[in-house]
């Protein structure tokens, strides 16, 4: 496994290199963003680490590349000695996968980098998800419910992709809020609840169908898929559109 480390400071590169040495991950040093971008046109890396120091402006080439890249197979982690106002949100919105600020020790750094690599493996293996009668296409950002398109906002689709990509796994409110809005859960808590509510309603997620979003106060949210739905999807759609009052179970048994 090989990662690219882009930093002007030899000390930072050697710190990352030494931290990763026990994992047998090879590091390649790039002093400038331009050198990194030139190499990326010819070769790929398993991970890219960028030292986003105080002197790096928001219009630096690496940010432009992050913002417009179509190849999402390489995760990017930004390092910074300090955190300026709005820097975290800007970096995540530009396409970074994690942002490590100041005072990180070697154990934390390795854990964060390995966590990003683990998260990325299932995402790079597929461009679409098909589960429980749903088809999510990442490139077109469309979701089909048994072949029928469902109108979702960009953030609703992002949340759906996050949950559907790892059924059974809890995503904390912090993870969801940072991934989608670039802010902590204290700011986005109410917005997260609203988006979960809208997904449940638009996708007709319920126990009768066998696909639900489970909420756990201490853990967050997760998608659960039952082995066999209790009610056919067509009846659930009919109950939602034609008979808003009453149980879909009653509809199925009448």
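Numbering (our numbering), first residue to last: 69 to 322. Here a beta-carbon is modelled for each residue, glycine too, at the ideal position from N, C-alpha and C.
Counted as a single uninterrupted DSSP element, the stretch harbouring residue 166 is not any alpha helix (DSSP H) but the beta strand (DSSP E) occupying residues 166-169. Secondary structure at residue 219: coil, using DSSP grouped into helix, strand and coil. Residue 99 carries a coil assignment under DSSP once its states are collapsed to helix, strand and coil.
Going by C-alpha positions, residue 79 is about 41 Å away from residue 236. Each residue's CA atom was taken as its position, placing residue 201 and residue 260 some 24 Å apart. With a cutoff of 8 Å on beta-carbon distance, residue 147 and residue 118 are scored as near each other. The Cβ atoms of residue 269 and residue 224 do not sit closer than 8 Å to each other.
By the neighbour-count criterion, in which a residue is buried when 16 or more other Cβ atoms sit within 10 angstroms of its Cβ, residue 86 is exposed. DSSP places residue 245 within a helical segment (H, G or I) once states are collapsed to three. No Cβ-Cβ contact shorter than 8 Å links residue 278 with residue 241. Sorting 115, 209, 184 by C-alpha distance to the C-alpha of residue 94 places 115 at the top. The secondary-structure analysis by DSSP pairs residue 86 with nothing; it has no beta-bridge partner. Between the beta-carbon of residue 70 and that of residue 98 there is about 12 Å, and that puts the pair past the 8 Å contact cut.
Shortest Cα-Cα distance from residue 143 to any of 106, 72, 100, 205 involves 72.
In chain order, 210, 211 place their CB closer than 8 Å to the CB of residue 217, counting only its own chain and leaving out the 5 sequence neighbours on each side. Rounded to whole angstroms, residue 233 and residue 207 show a C-alpha spacing of 14 Å. A direct Cα-to-Cα measurement between residue 145 and residue 160 gives close to 9 Å.
Annotation for residue 199: the continuous beta strand (DSSP E) segment containing it runs 196-199.
In the three-state DSSP reduction, residue 78 falls in the helix class (H, G or I). Relative to residue 215, the option among 205, 169, 83 whose CA is nearest is 205.
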